[in-house]
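In the UniProt record's numbering, the protein residues as written are 1 to 717. Beta carbons: idealized from backbone N, C-alpha and C, even for Gly.
See the structure below:
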């Protein structure tokens, strides 16, 4: 596949095409053309923000969510193409610009995250395709002077059924554009007629990623561009006092040494020059109030808050009374660490600031926030800031933040040329915005028959939403993300009391991480459910099954996972199976993990079996891929990962100290999908949410001891 630069004149030739920064031609007949950025969204037929059809027959779909490996370009294209009645091979794909038209209501801004993409677009993108199809059929009917009901669409063509006459969408584009957009609902395809949805499709971005022509943020090239790399104060909140750059300026290829309040950027002709120049700097920092913060400080504050006042987050019945009258009382404290996002593509951003405009090339999950930040730094109006969103080499929530865009613009406005800022891996890990550390205290009461009668639960930790979207904080001060996987569970719990003690982590900025509240909540609840089952002397699957009550979807995934994992069959000594059942992001999952524990304490995950009911499936292959990838991501964190602080500094600097599960350590993974007619739930976060609890329960089954602290290979209290 060849990358072709397209001029405005060439792009607009032929009565109204779209302006695109890059065109990636088809690699094979089945693959859609994947293009990048839209600046000019005018076109002959543009009935909404998502569909453009030109007289030359080219069909462009503008997709509201960014592609970061989760396959959303393919899934969202399928939704539109299904109703527009075109094949995936007939379309071009473009990343949406920063614009109000692409706001995700669930997140309150234009954003990709929280497993909201398919949930949010399941209806709206199908409607966008259906509106376009309706107008095209109307235009054909008007030209032929026939009733629209006598016309059918197929593969980008409208056919008059009685006479066999046909017109392509391109031939109808101008006439369709002149018609009024329907004011009411349009008819959507019946699921029984779906040609794309529910059927496995190849990833549209696959060919470009395989042959190397896909453009990620770090790949951006601009005429006259220089490369910069940065060092920010290693202690959060610290500022720059002085920099001696004499040695750095002697490094061949170094062009500039730029400073802002808390960071230095060395600019070179290439990355190596910039990196060597940065290493040659003598920097003096004022480390500020966080210079004495340690990991011990963080956990001490969390554990202290297990006693004392807290906000009541949720109540059902009188849980405390039920526990007092219970035959058996079970109690546990769980601890989860700070975590880095550690995406494969480190933080980067390319910026060119001129008096008239600011161009930003970046992979971001929050295009509008990134654009608005650039406008604020430059003083330019928002309409003069052009954000060119790129493929992302792993987001996991890191690129829901945009402070690195702000930083890049602050440096780029000091030079006249395009500046690409690339963080080193060390900078990426030590200047991350981290998944918070949490401590949870649970108390459960069992009656004489081993049934749960009441559950009391206290969560201690930060409220990420209070910083990211303070208006979304609940009126009582609770971050409702913390309730995911804890309040709405697969279980019928007779009485429950949940409270929350907010404790912001000193020395770091906390942020969302893959699985968000589901990952932290499922580990705690499913570990404790296992402890309740053990105390009741009931098989963990049987204990859960009787707790599912009137939730048949939960029971179905549990039964399927247990069957496929051969639950209950005899295992060798030192081998154990663990189960976790969850309802998060609108999807039900049951996961059975099988592990082998050596006498030296090492863990080998042998097998993982997952049953999934995520509602109606858009692309089955992608659901399976997301579960597989999510499990690997979650297992890496559960086994190995923790961010620790010493003297205000993050100690983990690269993948040698922040481990990722290796190929030879990865288990065999089986994913089984349950057919469903429910609207789709989220899937991108669910595999990660499942990993830690199923793994901890399997390790407990293999060893007879409980694992209540993550990472599981670290010290256990």
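Relative to the alpha-carbon of residue i, which residue among the options has its alpha-carbon at the smallest distance?
i, options, result
"residue 250", "144, 275 and 699", "275"
"residue 492", "455, 516, 357 and 673", "455"
"residue 261", "407, 132, 309 and 327", "407"
"residue 680", "119, 686 and 108", "119"
"residue 90", "427, 170, 676 and 402", "170"
"residue 281", "254, 152 and 485", "254"
"residue 575", "670, 702, 475 and 528", "702"
"residue 382", "213, 463 and 370", "370"
"residue 452", "144, 548 and 297", "548"
"residue 51", "105, 69, 288 and 135", "135"
"residue 457", "475, 485 and 471", "485"
"residue 646", "696, 432 and 234", "234"
"residue 388", "398, 401 and 405", "405"
"residue 392", "66, 58 and 60", "66"
"residue 662", "632, 671 and 688", "632"
"residue 128", "188, 630 and 592", "188"
Would residue i pass as a contact of residue j if the rule is Cβ separation under 7 Å?
i, j, result
"residue 635", "residue 691", "yes"
"residue 224", "residue 362", "no"
"residue 327", "residue 448", "yes"
"residue 286", "residue 325", "no"
"residue 673", "residue 610", "no"
"residue 338", "residue 434", "yes"
"residue 642", "residue 669", "no"
"residue 115", "residue 704", "no"
"residue 526", "residue 580", "yes"
"residue 290", "residue 601", "no"
"residue 84", "residue 133", "yes"
"residue 553", "residue 588", "yes"
"residue 510", "residue 557", "no"
"residue 518", "residue 482", "no"
"residue 168", "residue 157", "yes"
Report the rounded CA-to-CA distance for residue i versus residue j, giving the unit in angstroms.
i, j, result
"residue 358", "residue 366", "17 Å"
"residue 229", "residue 267", "7 Å"
"residue 595", "residue 396", "26 Å"
"residue 99", "residue 284", "41 Å"
"residue 314", "residue 497", "6 Å"
"residue 626", "residue 698", "22 Å"
"residue 560", "residue 443", "30 Å"
"residue 515", "residue 686", "6 Å"
"residue 246", "residue 277", "10 Å"
"residue 507", "residue 298", "9 Å"
"residue 201", "residue 140", "30 Å"
"residue 322", "residue 329", "10 Å"
"residue 307", "residue 301", "11 Å"
"residue 105", "residue 401", "18 Å"
"residue 422", "residue 62", "28 Å"
"residue 555", "residue 545", "6 Å"
"residue 719", "residue 257", "Given that the chain is displayed from residue 1 to residue 717, the structure contains no residue 719 and the question cannot be resolved."
"residue 252", "residue 660", "36 Å"
"residue 146", "residue 59", "25 Å"
In chain order, what residues of the same chain lie with their CB nearer than 6 Å to the CB of residue i, ignoring the 5 residues before and after it?
i, result
"residue 412", "351, 353 and 419"
"residue 536", "446 and 450"
"residue 335", "439 and 709"
"residue 385", "358, 371, 374 and 375"
"residue 222", "418"
"residue 462", "436, 504, 505 and 510"
"residue 533", "540 and 543"
Using C-beta distances below 7 Å, list every residue in its chain close to residue i, excluding the 5 sequence neighbours before and after it, in chain order.
i, result
"residue 466", "473 and 479"
"residue 488", "583"
"residue 131", "47, 48, 181, 182 and 186"
"residue 305", "460, 501 and 503"
"residue 528", "332, 442 and 444"
"residue 614", "587, 623, 680, 681 and 683"
Skipping 5 residues on each side, what residues in its chain have a beta carbon closer than 8 Å to that of residue i?
i, result
"residue 778", "Given that the chain is displayed from residue 1 to residue 717, the structure contains no residue 778 and the question cannot be resolved."
"residue 653", "425, 426, 429 and 430"
"residue 195", "82"
"residue 712", "603, 638, 639, 692, 695, 696 and 699"
Identify every run of the alpha helix (DSSP H) within the region 137-225, keeping only runs that are complete inside it and at least 4 residues long; order them along the chain.
Counting whole runs of 4 or more residues, the region 137-225 contains the alpha helix (DSSP H) stretches 169-177 and 206-211.
Pick out the complete beta strand (DSSP E) segments inside the region 244-292, 3 residues or longer, and give them in chain order.
254-260, 263-268 and 282-286
Could you pull out every unbroken alpha helix (DSSP H) segment of at least 4 residues lying fully inside the region 493-563, listed in chain order?
516-536 and 540-547
Ranges of the beta strand (DSSP E) found wholly within the region 377-403, counting only runs of at least 3
385-389
Just to confirm the assignment: which complete beta strand (DSSP E) runs, minimum length 3, are found wholly within the region 67-115?
91-95
Which runs of the beta strand (DSSP E) fall wholly inside the region 583-632 and span at least 3 residues, in chain order?
587-597 and 603-613
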